[in-house]
Each structure stands twice: as structure tokens, then as C-alpha cells.
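> Residue numbers (UniProt numbering): 1 to 344. By construction, the Cβ of each residue, glycine as well, lies at the ideal position given by its N, Cα and C atoms. It should be emphasised that the depicted structure is a prediction, and the values quoted were computed from it without experimental measurement. The structure under discussion is supplied below as C-alpha cells; questions concerning it will follow.
Written out as C-alpha cells, the structure reads:
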């Protein structure tokens with residue numbers, strides 16, 4: 001579905017369905033809606049089913065209605081977020097006032113709260129942990145925590161990202177992607193023990209996140225001088241990795257590890273593969289420059305240093321990110337010093 005299709009369906013909804021929809025998006029329960037509109041709760045459920053049907057969402061039996069509601073909220077968060085305006089306090093109050101017998105209402109409120117990306121509070125965390133949730137419910141909530149954590153990570157809000165990702169792995173300990181994301185957030189925050197721990201967990205799962213975790217874990221080993229451990233991690237998976245972004249980073253890191261061990265031929269081979277796969281990958285050029293210099297090819301090293309500076313400076317201007325690989329700043333100073341010394 002695209003924006004135009006969404007708007008067409010939304011405009012065709014009857015006023016009555018739009019009224020029910022707006023109350024759903026405001027986080028109101030079936031009982032709240034029924035009372036406000038002077039209809040029965042069964043009628044509310046029928047409205048929800050018809051609205052979901054109109055938007056092409058799952059029309060499963062009523063025992064999975066909470067997931068249809070969360071899918072509906074997610075759809076509007078994407079295409080019409082201005083309708084999601086209810087504040088966090090309403091949901092936290094609603095959760096606090098419900099009893100154990102009202103689990104479904106509580107979970108509806110939690111999923112709505114997460115899908116509109118409202119900041120979580122410590123009270124909300126404690127309330128969620130008091131619930132008796134089944135496995136599907138825990139996975140659904142963990143998925144929402146992971147999505148919000150990743151969104152904050154991309155925005156460089158690493159502390160907030162980590163707080164959500166910690167909850168994601170708490171609610172679903174077998175969530176490999178969330179372990180990888182939490183490891184990455186911890187790394188940005190300087191918590192290397194935590195990063196190691198969650199990367200190692202993520203590696204157990206056969207997916208893209210596991211391959212990326214191998215790459216990040218190998219890099220941390222290299223930074224600590226354990227290049228042999230890095231090679232042992234990367235070599236078994238290198239030939240089977242399909243994702244080009246991960247493959248480029250793996251070739252860079254194994255090339256770096258071989259360079260640390262003075263295996264210049266192997267290092268150069270992987271770094272050349274790296275720049276062939278991605279011609280504008282700055283880290284590969286600065287490592288290649290160091291390998292070429294170690295082999296006595298100063299002219300090629302100078303060209304690689306120059307290429308690195310051009311790419312890295314351009315990336316900094318475009319991205320203006322708050323966090324960069326720390327080693328790149330060190331290599332940038334090396335590049336400037338080396339190129340300057342050759343011109344004098």
C-alpha cells in the first residue's frame with residue numbers, strides 16, 4: 001500500500017467508522033467506545049473488523065483482535081501520524097487502573113503506546129513486568145521495543161536506544177536481532193563488556209544480524225590486539241554471507257586482522273576485494289594504504305591515503321553524524337601527516 005491508496009481507503013470510510021477509528025487511535029478500549037457511542041461492545045468489534053478489512057489487514061477471529069488493533073495503529077503511524085495524538089499519561093493511568101483480569105485491555109494499551117513511539121517511563125516498565133503474558137504477547141511487545149530502540153539508535157540517541165533494547169531482550173531472550181542492536185548501542189556508549197556479551201548471543205542465530213555481530217565482534221577483538229581471534233570468527237562465514245554491506249565490512253576487518261599479524265599479502269587481497277565491492281568505502285582505503293606502505297609501495301600508499309581523505313571528508317559533510325568509528329579519526333590524522341610530509 002502507498003500513500004495514495006491509503007488516503008483513498010480512508011476517505012471512503014463512513015463517518016461512523018471514522019469515529020470508531022479515531023477512538024481506537026486514541027487508545028480507547030472497546031468498552032469506552034461502546035459507552036461513548038451508545039452501542040454494544042460486539043458492535044465495536046464488528047466495526048474494527050470492517051475497518052481492518054477495508055485497509056487489507058488481517059481479519060482473524062476475535063481472540064487476536066489486539067494484534068489487529070496494533071496493526072491498525074502501526075498503519076496510521078506510517079501514513080497519518082497526526083491522528084495519533086494521545087499523551088503517555090492516559091495509557092499509563094489506564095494500565096495502572098486495570099486488574100489482572102483485564103490483561104487484554106492492558107496489552108492493547110501497551111502496544112498502542114509503543115507503536116506511537118511515546119517515551120517509556122519507569123512506571124510503565126514496572127507495570128509491564130507485573131503482567132502474565134503468553135509467548136506471543138511477549139514477542140509482540142519485544143518487537144515493538146526493538147523497533148523503537150533501533151529508531152533511536154539511527155538517530156544517535158544511544159542511551160534511549162539501549163533502554164528500549166534491554167527491554168526487548170528481556171521480553172524475548174531469543175531475539176537475535178535485538179541482541180545485535182543492543183550490542184551496537186552498548187558499543188557506542190563505551191560499554192564494551194555489554195557489547196561483547198550481546199554480540200556473542202546474536203551470533204547464535206542464523207540471520208543477517210548474526211553475520212553483522214560477527215563483524216562487530218571481530219572489530220572489537222582487533223582493537224584489543226586479538227587479531228587471531230578476529231580471523232577465526234570471520235573465516236568460517238565469509239564465503240556464505242550474501243549481504244553486500246556486511247560482506248564489505250567482513251573483508252575489511254579480516255584484512256585489518258591479517259595486517260596486524262604482518263600477513264601483508266592476505267591483508268591486501270581482502271582489502272582489494274573490499275574496495276571492488278564498494279569503491280567508496282573509506283576504512284578499506286586507509287588500511288590498504290598502511291599495507292602498501294609496509295610492502296614498500298609508497299606511491300600506491302599515498303594514492304590510497306588521498307582516496308581515504310576524500311571519501312571520509314565527503315561522508316562527514318553529508319552525514320554530520322555524532323559518532324564515527326574512533327579509529328577513523330586516528331587514521332585521518334595519520335593521512336594528513338603523511339601526505340603533508342611528502343609535499344614538504
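Can you tell me which of the three DSSP states residue 224 falls into?
Residue mapping note: residue 224 aligns to position 224 of the chain shown, counting from 1. Coil, per DSSP.
> Kindly indicate which residue of 262, 255, 17 has the alpha-carbon position closest to the one of residue 46.
Along the chain shown, one-based indexing puts residue 46 at 46. Looking at the Cα atoms, 17 is the closest of the given residues.
> Please report the distance separating the alpha-carbon of residue 248 from that of residue 305.
Residue mapping note: residue 248 aligns to position 248 of the chain shown, counting from 1. Residue mapping note: residue 305 aligns to position 305 of the chain shown, counting from 1. Each residue's Cα considered, the two are about 19 Å apart.
> Round the Cβ separation of residue 158 and residue 188 to the nearest angstrom and send it over; I've been treating them as touching at under 8 Å.
As a first step, residue 158 is located in the chain shown; it is residue number 158 there, counting from the start. As a first step, residue 188 is located in the chain shown; it is residue number 188 there, counting from the start. Right, their Cβ atoms sit about 4 Å apart.
> Kindly indicate the opening and closing residues of the alpha helix (DSSP H) around residue 283.
Within the chain shown, the letter at position 283 stands for residue 283. Run containing residue 283: 282 to 294, per the alpha helix (DSSP H) assignment.
> Please name the residue in 286, 314, 10 whose C-alpha comes closest to that of residue 335.
Counting from one through the chain shown, the residue named residue 335 turns up at place 335. The shortest Cα separation from residue 335 among 286, 314, 10 belongs to 286.
> Considering only the alpha carbon of each residue, which of 308, 134, 253, 183 lies closest to residue 279?
Here residue 279 refers to the residue found at position 279 when the chain shown is read from its first residue. Nearest option by C-alpha distance: 308.
> Quick check on the burial criterion: 16 or more other C-beta atoms within 10 angstroms. Buried or exposed for residue 173?
Taking the chain shown and counting its residues from 1, the one referred to as residue 173 is at position 173. That one is exposed.
> Can you give me the C-alpha to C-alpha distance between residue 194 and residue 32, rounded to a whole angstrom?
Here residue 194 refers to the residue found at position 194 of the chain shown. Here residue 32 refers to the residue found at position 32 of the chain shown. One C-alpha to the other measures close to 44 Å.
> Is the beta carbon of residue 277 closer than 8 Å to that of residue 243?
In the chain shown, counting from the first residue as 1, residue 243 sits at position 243. In the chain shown, counting from the first residue as 1, residue 277 sits at position 277. For residue 243 and residue 277, no; Cβs fall outside 8 Å.
> Please name the residue in 41, 71, 223 whose C-alpha comes closest to that of residue 260.
Locating residue 260 in the chain shown gives position 260, counting from the first residue. Answer by Cα proximity: 223.
> Once you ignore the five residues that flank residue 40 on each side, which residues in its own chain have a CB closer than 8 Å to its CB?
As a working mapping, residue 40 is identified with position 40 in the chain shown. 34, listed in sequence order.
> Are residue 153 and residue 142 touching if we call contact CB-CB under 8 Å?
Mapped onto the chain shown, residue 153 falls at position 153. Mapped onto the chain shown, residue 142 falls at position 142. Against a cut-off of 8 Å, the Cβ pair of residue 142 and residue 153 comes out as no contact.
> Please name the residue in 246, 275, 292 whose C-alpha comes closest to that of residue 348.
Shown here, the chain extends from 1 to 344; a query on residue 348 therefore has no answer.
> Going by C-alpha distance, which of 163, 150, 175, 149 is nearest residue 138?
Taking the first residue of the chain shown as 1, we reach residue 138 at position 138. Here the closest residue by C-alpha is 175.
> Distance, Cα to Cα, residue 230 vs residue 135?
Along the chain shown, read from residue 1 onward, the residue named residue 230 stands at position 230. Along the chain shown, read from residue 1 onward, the residue named residue 135 stands at position 135. Roughly 36 Å separates the two Cα atoms.
> DSSP state of residue 26, grouped into three classes?
The residue you call residue 26 lines up with position 26 of the chain shown. Residue state, collapsed to three classes: coil.
> I need the straight-line Cα distance from residue 212 to residue 325, nearest angstrom please.
Taking the chain shown and counting its residues from 1, the one referred to as residue 212 is at position 212. Taking the chain shown and counting its residues from 1, the one referred to as residue 325 is at position 325. If I take the Cα positions, the gap works out to 15 Å.
> Going by other Cβ atoms of all chains shown within 10 Å of its Cβ, with 16 needed for buried, is residue 29 buried or exposed?
Taking the chain shown and counting its residues from 1, the one referred to as residue 29 is at position 29. With 16 or more other Cβ atoms within 10 Å, it is buried.
> Under 8 Å between the Cβ atoms of residue 284 and residue 252?
Residue 284 sits at position 284 when you count from the first residue of the chain shown. Residue 252 sits at position 252 when you count from the first residue of the chain shown. Yes, these two residues count as a Cβ contact at 8 Å.
> Smallest Cα separation from residue 57: which of 27, 1, 8, 43?
For the purposes of this step, residue 57 is taken as residue 57 along the chain shown, with counting starting at 1. It is 1 whose Cα lies nearest to the Cα of residue 57.
> Among the residues of its own chain, which have a CB less than 7 Å from the CB of residue 79, if the five just before and after it don't count?
Position 79 of the chain shown holds residue 79. 3, 6, listed in sequence order.
> Quick check on DSSP: helix, strand or coil for residue 189?
Taking the first residue of the chain shown as 1, we reach residue 189 at position 189. In the structure shown, residue 189 sits in coil (DSSP, three-state: anything other than H, G, I, E or B).
> What residue range does the alpha helix (DSSP H) around residue 255 cover?
Here residue 255 refers to the residue found at position 255 when the chain shown is read from its first residue. Residues 244 to 260.
> State the CB to CB distance for the pair residue 183 and residue 202, rounded to an integer number of angstroms; the pair is presumed to be in contact (CB under 8 Å).
Taking the chain shown and counting its residues from 1, one reaches residue 183 at position 183. Taking the chain shown and counting its residues from 1, one reaches residue 202 at position 202. 6 Å between Cβ atoms; contact.
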